[in-house]
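**Student:**
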Amino acid sequence: MDSIVFGKFLRGLRESKDISIRQLSMQSGVSSSYISLLENGKRSIPKPDILEKLAPCLSIDYEDFMEKAGYIDEKKGEPLVLSHFKIHMDKEDIEISLIDIMNYIEKNQNLTIGGHKLSEESRRLLMQAIEIGLKNAKEIAARRYKTNRNKRKVKP
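All residue numbers for the sequence shown refer to my numbering, where the first residue is 1227 and numbers rise by one.
Spelled out as structure tokens, the structure:
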């Protein structure tokens, strides 16, 4: 679903509840300007955490909302290709989330990328790539921390 179609769907849900954008904003904690941009198709489909805030206010099941937004395959009820997920989290959560993703890849025998089912070997290589990426990210973060710490010690 593209952002314009999703925006119309969101507006329809809100109007069926007979509430204003401002009321939805106050109930959900999502800014009214952001909701307006979503409804007008001027922002991309919101992240799952925003959908989670909006769903109860619009009387829609969170999983149904995730399907409509394109995060879950409506036929199977399973998450779509990993590239469809929009991840927004604190730095501390990244390692935990990557481990969760690796566990998902390991357990999901029907994982697809680009419509093609991944072989056992491809899943193993994907997990290795994530491990390497995580290791590199930790090294870069350590260097940045060390550089920033050294900059603070420099006297003017």
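Just so you know, even glycine gets a beta-carbon here, dropped at the ideal spot from N, CA and C.
Quick one: residues in its chain with C-beta nearer than 8 Å to the C-beta of I1247, no 5 flanking neighbours on either side, listed in chain order?
**Tutor:** R1240, S1258, I1261, S1262, E1265, listed in sequence order.
**Student:** With a Cβ-Cβ cutoff of 8 Å, do S1270 and S1242 count as a contact?
**Tutor:** Taking 8 Å as the Cβ cut-off, S1270 and S1242 do not qualify as a contacting pair.
**Student:** Does K1343 pass the burial test, meaning 16 or more other C-beta atoms within 10 Å, or should it be called exposed?
**Tutor:** By the neighbour-count rule (16 or more Cβ atoms within 10 Å), K1343 is not buried but exposed.
**Student:** Identify the residues that DSSP records as bridge partners of K1343: which are they?
**Tutor:** Answer by DSSP bridge pairing, in chain order: T1338.
**Student:** Which whole-angstrom value is the C-beta distance of M1227 and A1281, which I expect to be below 8 Å?
**Tutor:** Not quite, the Cβ-Cβ distance comes to about 16 Å (not below 8 Å), so this is no contact.
**Student:** Using the C-alpha atoms, what's the distance from I1245 back to C1283?
**Tutor:** Those two C-alpha atoms are separated by around 10 Å.
**Student:** Keeping to the same chain, check which residues put their C-beta closer than 7 Å to that of E1278; ignore five residues upstream and five downstream.
**Tutor:** Closer than 7 Å at the Cβ level, and outside the excluded window around E1278, lie Y1288.
**Student:** How many whole angstroms separate the CB atoms of L1324 and L1360, which I take to be in contact at a CB cut-off of 8 Å?
**Tutor:** Indeed they touch by this definition, with Cβ atoms about 5 Å apart.
**Student:** Would you mind sorting S1345 into buried or exposed? The rule is 16 or more other CB atoms within 10 Å of its CB.
**Tutor:** Exposed.
**Student:** What residue range does the alpha helix (DSSP H) around G1238 cover?
**Tutor:** It spans 1229-1242 - the alpha helix (DSSP H) in which G1238 sits, taken as one unbroken run.
**Student:** So G1233 and G1267 are supposed to be a Cβ contact under 8 Å. How far apart are they, rounded?
**Tutor:** Contact holds; Cβ gap of about 4 Å.
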